[in-house]
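For the sequence shown, the working numbering assigns the number -7 to the initial residue and increments by one for each residue that follows.
Note that CB positions come from ideal geometry on N, CA and C, so glycine has one too.
For reference, the structure is listed below as structure tokens.
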Amino acid sequence: MHDDRELVEERITRELAERVRPLGHPDRRPLTVEAGPTLDALAPFEVGERWGAPWTTTWFRFSGDRPPARDGHRVEAIVDLGFRADSPGFQCEGLVRDSAGRAVQGLHPRRTAVPVDAPAGLVEIVVEAASNPMFPQFRPSLMGSPDTAGKELLYRLERADLVVVDPAAEALVHDIDALDGVMRSLPLADPRRARLLRAIEQALDVVAAGPDGVGEARQLLAASLEGAPTRDRHRVVATGHAHIDTAWLWPMRETIRKCIRTFASAVAMMDADPAYRFACSSAQHYSWIEEHEPELFERIRAHVAGGQFIPVGGMWVEADMNLPSGESLVRQLVHGQRYFRERFGVRCREVWLPDVFGYPAGLPQVFAAAGIRRFVTQKLSWNRTNRIPHHTFWWEGVDGSRILTHFPPGDTYNAEVTAAELVHATANFADHGWSRWSLLPYGYGDGGGGPTKEMLERARRLDGVDGMPAVELGTPATFFEHVEAEIAAGADVPTWRGELYFETHRGTLTSQLGTKLGNRRCERLLREAELWMAHAVTAGHDVDAHELDGLWRQVLPLQFHDVLPGSSIAWVHADAEATFDAVAGELEDRIAARRNALTPPGPIVVNTATTARDEVVITDVHPPAGGQVQELDDGRLAYRVAVPGLTWASAEARAASDRVVVTDRSMTNGSLAVSWDLEGHLVSIIDVTHARGLLPSGRRGAVLEVASDQPVRYDAWDVESWTTRQAVAVREAESIAVVAPGPLVGMVRVVRRFGPSSATVTYVLRAGSPRLDMEIELDWRHDEHLLSMSFPLDVRADTAMCGVQFGAVRRPTHPTTSWDAAKFEVCAHRWVDVAEPGFGVAVLDDGRYGHGVFDGGVRVSLARAACYPDPGADRGDHAVTLAVLPHGPGLADVVREAEALNLPLAVVAGGRGDPPAATSSPPISVTAVGVEVDAVKPADDGSGDLIVRLHEACGDRRAVTVHSDRRIVAACRADLEERPGAGFEVSDGIVAFTLRPFELATLRLTR
Ligand SMILES: [Zn+2]
């Protein structure tokens, strides 16, 4: 044989499509079609006609007589709604419903066949079709909102037939498809490649020879499908999956339908194939099915019980991990695990976040506290600069907790189980030295329909082929059990310590600031509402421990990894911001009602922060007579109040010994002295206490900078390394005015206009305060620009410490190695600190996440203005406050002031609480520096116990005491589900214990 190899390969492709596949459908006849906006309003419709304005639903009814079929043959309907083969999930979709309205299966580009079970007579198929628009990749589109998407019909019905299926010919297609894939993935010099090419050629020759060719061709190929050695192969656990984004290029209302279609298909495949396993995350998605398709939900429940439908992840949704607060991450797990336990009797043992944009170093202990020691993610294969050196490893977090982590080496969570993927996964796997196992999540995501029969057929065949890894259909648990057995047998598992920083998509730390600020506001109010619930329990009121569950379950889905990061269409962000507003309003009402019931008449000051405070407040509420009060030009009042942590006190204006003095272009409160130039820029910030200037000589501070921001690919996702190099300082000021001259607060307001945008920056210095605040009000109108505020600092530090959930991480201030250089934009919560051993400067914020840390300074990303996928992203009015805080050694002052900035004292009218029932003593008080209380709440079990979650925030070892006014009779540690663990000694109503650096602890207090 001397046939040209490339020509033969082309022959295989063409003859498989044009000669072999058609043998699988020996008979076909067209279906009669009707279509309309509802099932009651159907009208005759033709194949070839257009249908589907953007975001609308069209109902189709297809009918025809079932063709006769030989023994062993079956009948299917083939419906092509006008699919584009190359992007399953990102276009129209259909759901087949039976005559009772039950969800039967989805219709997608790669799943167009519907089995016809009726033995004879009229066949009728009803399809609920969604004309979701396609989005041109990386280009602005008006399709992302129903207001701008227009009415043009987007799709054309391509095909509607009944076909008879010859299973032998169909099997031959799968045989050739599998072996052809193996042949093409082997090296040219591999003798097995030539042998497979020859075997397929011979099979095609006999198919061409006549009608009995199918059976003969299968026999010719059988040996090639069974030649694999059984020992020493890498082993792949293939787990069915469908990564369904909770919202993204479609709103949540469509995600509900994507889940229905995908899960109906999965259940149908389970009915047909008992070996099939489908791993499915996100309690929210199950909950939608429970609400909207209860009949399908019962079938899912039966398959969960049967071990085929596998709940994974233990979270409410696959949330972003950078942006939610630590307590939000906790609640993702609490609500997720609770749902899986209550509905299915299942506790998930692995976190499942294949697609999330980086993983902070505080996560391992959060997972561990939820009873989870395994973690699957894939996204870091997208790193643009460096490669994490392992696929299976211990991931060790800030506190030392370890999680067994796996990156599926196929570099995809949407695998199709092709030979090429298996070869890549095997070659790519970095841990052959100690492990034989890897995981392959396969199936089309996002409404692409999940796994297909073709994938299962390939998995089974490829397992037997020489040159392929062994392929086992299984679950994530199957995979981890194999690895854990290797570890138990002494395998030497590598460790990665610290954050899993994602070297791309850094723009998601900043995009859609309205969505991010809405989340931050709700996080703050949820914490305060729970604190008031704890006050009420302490005062002996009846409290429903679950009264906030519904509000949490509105916030948790919005922390999904395309919503909170800001990478969704306009519709999604409009919905999210409306929901955040509604939830915040409801929480404010609940807080006010509880406060009214608990507090006595007269103005009170509320401190929700962990520690006691003695601060100047700025408020509309008058204090009782006495003390020192400063009236501001807008009618508000400033006065100094003192209040313990986690409670309230009467708002009495105190005499203040410190005072703010404002003179010509400078102001000081005795701790800080700042001065500004004729452009309104800070030219000097002196820390009087430490006798240090904060700004490098000749540099200005708190400078607004605008940079052209045009990412190469993913607009809303990416900030490029060169973007901030192009930054231009906003210099001219429209006005500079002293709006508060002291003695309790000094304020200087600078108004700047630049291009189409403007910003008002107010410098605020309070008596007795160690920090200078910058209150920024933005009218942001730029397109495709990044707005930052930059703080050059005269501090020499190789690293900056950045606040993250339940801890802090160090980031390099210099691009020395490629790993350092890649961290040019990093995530921080509340604070970034650069420090020499005896002195440091922190930049604080109340709701921004993207930061640049560089040699001699910190830059805070304020706003972007991406054009894809939301052409109006970020534009509008926004308010955010930054602060600069010099301090001595350690981080305790930074953590305390960052908490104070984020939980400002509120002075409010008192209520109708009737002493002595009303008490101003806190439900708990915590004595320790550098420790932050994340939640105080009644226990979920309604026992009246209090749950206190706190963490060590500075990286030190701390002695902590927790005290409650109603004497604590028993105290223990608990997991996130509040199940009691090791008990504490309780002495005199006080619990004392030690926290390790960055340790997270959940306490259960019985009183
Ligand atoms: Zn995703």
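How is residue i classed by DSSP in three states: helix, strand or coil?
i           : result
residue 983 : strand
residue 519 : helix
residue 959 : coil
residue 491 : coil
residue 885 : helix
residue 468 : helix
residue 433 : strand
residue 168 : helix
residue 620 : coil
residue 908 : Because residue 908 carries a pLDDT of 49, less than 50, the predicted location of this residue cannot be relied on, and no value is offered for it.
residue 26  : strand
residue 385 : strand
residue 499 : helix
residue 152 : strand
residue 78  : coil
residue 749 : strand
residue 87  : strand
residue 714 : coil
residue 926 : strand
residue 231 : strand
residue 218 : coil
residue 343 : strand
Let me check understanding here. Comparing Cα to Cα, which of the options lies closest to residue i?
i           : options            : result
residue 858 : 643, 463, 709      : 709
residue 224 : 933, 847, 461, 423 : 461
residue 296 : 946, 84, 639, 336  : 336
residue 658 : 574, 757, 719      : 757
residue 653 : 715, 675, 736, 621 : 736
residue 474 : 454, 537, 226      : 226
residue 150 : 256, 933, 37       : 37
residue 904 : 720, 694, 479, 589 : 589
residue 26  : 376, 35, 662, 18   : 35
residue 996 : 453, 328, 954, 793 : 954
residue 976 : 95, 374, 819, 964  : 964
residue 173 : 477, 450, 622, 992 : 450
residue 42  : 74, 30, 773        : 74
How would you write the range of the alpha helix (DSSP H) that residue i sits in, first residue to last?
i           : result
residue 320 : 318 to 336
residue 250 : 244 to 264
residue 207 : 205 to 214
residue 356 : 355 to 361
residue 284 : 275 to 284
Locate the beta strand (DSSP E) running through residue i, then write down its first and last residues.
i           : result
residue 804 : 799 to 804
residue 272 : 270 to 272
residue 768 : 764 to 772
residue 659 : 658 to 660
residue 31  : Per DSSP, residue 31 belongs to no beta strand (DSSP E) and is neither H nor E.
With a threshold of 8 angstroms (Cβ to nearest heavy atom), would residue i be considered close to ligand 1?
i           : result
residue 709 : no
residue 312 : no
residue 374 : no
residue 242 : no
residue 553 : yes
residue 347 : yes
residue 673 : no
residue 277 : no
residue 235 : yes
residue 437 : yes
(request) Check whether the region 499 to 513 touches the region 839 to 853, taking contact to mean three or more Cβ pairs, one atom from each stretch, closer than 8 angstroms. (result) With a cut-off of 8 angstroms, the region 839 to 853 and the region 499 to 513 count as touching, because enough Cβ pairs lie within range.
(message) Quick test of the definition: if touching needs 3 or more C-beta pairs under 8 angstroms, does the region 919 to 926 touch the region 936 to 943?
(response) yes
(message) Taking 8 angstroms as the cut-off, does the region 435 to 443 touch the region 252 to 262 (at least 3 CB pairs, one atom from each stretch)?
(response) yes
(message) Quick test of the definition: if touching needs 3 or more C-beta pairs under 8 angstroms, does the region 835 to 843 touch the region 860 to 872?
(response) yes
(request) Mind the definition here: the region 372 to 390 touches the region 344 to 355 only if three or more C-beta pairs lie below 8 angstroms; say whether that holds. (result) Yes, the region 372 to 390 touches the region 344 to 355.
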